[in-house]
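Each residue of the sequence shown is one higher than the one before, starting from 383 at the first, in this note's numbering. Notes follow the structure.
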Amino acid sequence: MFRSNKSLLPCLLAVSASLSLSALHAPASAAPVKKPIKPPAARDASMGENLMYYTPPALEYDANHKPIPNMPNLVYQANAYFEAGQKAFYKNDMEFAESYLKKSIECRDKLGKVREAKEYVAGVKLLGQVLRKRNKWDEAEKYYRQALSMASQGIGPDAYEVKECELNLAECYEKTNKYQDAIYYYKKLLAIAERKYGPDDPDAQDYSKKILALNIKGGNYEEAQYILKQRIDFEESQGRGSAPKTVKLLGEYADVLKKACKMDEAAAIEEKLKGLQEAPAQASAPAQ
Numbered sequence: 383m384f385r386s387n388k389s390l391l392p393c394l395l396a397v398s399a400s401l402s403l404s405a406l407h408a409p410a411s412a413a414p415v416k417k418p419i420k421p422p423a424a425r426d427a428s429m430g431e432n433l434m435y436y437t438p439p440a441l442e443y444d445a446n447h448k449p450i451p452n453m454p455n456l457v458y459q460a461n462a463y464f465e466a467g468q469k470a471f472y473k474n475d476m477e478f479a480e481s482y483l484k485k486s487i488e489c490r491d492k493l494g495k496v497r498e499a500k501e502y503v504a505g506v507k508l509l510g511q512v513l514r515k516r517n518k519w520d521e522a523e524k525y526y527r528q529a530l531s532m533a534s535q536g537i538g539p540d541a542y543e544v545k546e547c548e549l550n551l552a553e554c555y556e557k558t559n560k561y562q563d564a565i566y567y568y569k570k571l572l573a574i575a576e577r578k579y580g581p582d583d584p585d586a587q588d589y590s591k592k593i594l595a596l597n598i599k600g601g602n603y604e605e606a607q608y609i610l611k612q613r614i615d616f617e618e619s620q621g622r623g624s625a626p627k628t629v630k631l632l633g634e635y636a637d638v639l640k641k642a643c644k645m646d647e648a649a650a651i652e653e654k655l656k657g658l659q660e661a662p663a664q665a666s667a668p669a670q
């Protein structure tokens, strides 16, 4: 009934040999094709990569080796350098911050237009902070003057950015003992503050104090007397002749008169001051 295993063995060997021969004569199959790996897409320098080590594309030059004002290219470079400088500033690396921010301003200067006025002022504002931290007041002053010109032309003389530039310039001039230049800008700021908000505005009061202090520092006692006299007259016209603020102004007025060698006038003010100081004491004294 059943065939012997011995009779099947030759058949199995024949089949195995046939399969081996067919495998040898069959053409080699092609190796699997690997898909090429795509490089990562280039990222915009303004979109969050580390700009500290970013180098913007090179400028293009004409036949006379002058930079071609390629607007998108220069604007792109200016923005990239600004962000690099900003990162360095926040890391307290003032040397790198100064270098990058100056390059940003150079790019905007090459545009030859006032189209980027707000960005220009923002760049100078940060660069000014860096230069002041590095005690480079004269250099900061130069950039603030450029920013003031740019803001006045590109944004308008009444823009907030103009006021900001004027205040920065005044502070630079004050720090470098250029008192008359500082006073010029503080007076402009004072006139704007008084026109918009009145003489009691905190900014107006602050500018007025600055102008007075700088006149005294610079030895311009005549102007200091005029300012103090105006302020005292105003306080008295408002019914605040004996107020602490007025009393303080009278004391300052007497000191300035002494510095101007006007001893008789100083003595008269001191006598008036003495009477104001004694009046509250007499009013509060118990009746005899």
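Note that CB positions come from ideal geometry on N, CA and C, so glycine has one too.
Practice task
Under 8 Å by Cβ, that's how I've got I598 and V638 pegged, so tell me the actual separation to the nearest angstrom.
Solution key: 7 Å
Handout entry: Span of the alpha helix (DSSP H) around Q535
Key = W519 to G536
Problem - Reduced DSSP category for T558 - H, G, I as helix; E, B as strand; rest coil - result: coil
Practice task
May I ask you to verify whether the stretch 519 to 526 touches the stretch 544 to 563, counting CB pairs closer than 8 Å and requiring at least 3?
Solution key: yes
Exercise for the section: Please report how far the alpha carbon of R516 lies from the alpha carbon of E546, in whole angstroms. Expected result: 21 Å
Exercise for the section: Kindly give me the distance between the Cβ atoms of Y502 and A529, rounded to whole angstroms, as I take these residues to be in contact under 8 Å. Expected result: 6 Å
Practice task
Whole angstroms is fine: what's the gap from K570's alpha carbon to Y561's?
Solution key: 14 Å
Problem - Cα-Cα separation between A586 and D540, rounded to whole angstroms - result: 17 Å
Practice task
Ignore the nearest five residues each way along the sequence and tell me which others in L572's own chain have a CB closer than 8 Å to its CB.
Solution key: A586, Y589, S590 and I593
Handout entry: Contact under 8 Å by Cβ, A479 with V512
Key = yes
Handout entry: Nearest-angstrom Cα separation, counted from F616 out to I651
Key = 16 Å
Exercise for the section: Please report how far the alpha carbon of D491 lies from the alpha carbon of S531, in whole angstroms. Expected result: 12 Å
Practice task
Take the Cβ of N446 as the centre, count every other Cβ of all protein chains shown within 10 Å, and call the residue buried at 16 or more, exposed below.
Solution key: exposed
Problem - Opening and closing residue of the alpha helix (DSSP H) in which S624 lies - result: Note, S624: premise wrong, no alpha helix (DSSP H); not H, not E.
Handout entry: S624 and L596 closer than 8 Å at C-beta
Key = no
Problem - Member of A642, K484, A499 and I609 whose CA lies at the smallest distance from the CA of L508 - result: K484
Practice task
Please classify G657: does DSSP put it in a helix, a strand, or coil?
Solution key: helix
Practice task
Any chance you could list the beta strand (DSSP E) runs of at least 3 consecutive residues sitting entirely within the stretch 560 to 590, in chain order?
Solution key: none
Problem - Element boundaries [alpha helix (DSSP H), containing K507] - result: A499 to K515
Handout entry: Closest Cα partner of Y526 within the set Q535, I537 and A552
Key = A552
Handout entry: Within 8 Å, strictly: CB atoms of A499 and A460
Key = no
Problem - Pairwise C-alpha distance: N474 and V629 - result: 46 Å
Problem - E465 burial status per 10 Å Cβ neighbour count (16 or more: buried) - result: buried
Problem - Backbone CA spacing between Q664 and A606 [nearest angstrom] - result: Unreliable placement is indicated for Q664, whose pLDDT of 49 sits below 50; no coordinate value is reported for it.
Handout entry: Three-state class that DSSP yields for A541 in the structure shown
Key = coil
Handout entry: Nearest residue (CA-CA) to A564, options V506, L549 and I574
Key = L549
Handout entry: Rounded straight-line distance, which links the Cα of K611 to that of A649
Key = 15 Å
Practice task
Go ahead and label Y579 buried or exposed: buried means 16 or more other beta carbons lie within 10 angstroms of its beta carbon, across all protein chains shown.
Solution key: exposed
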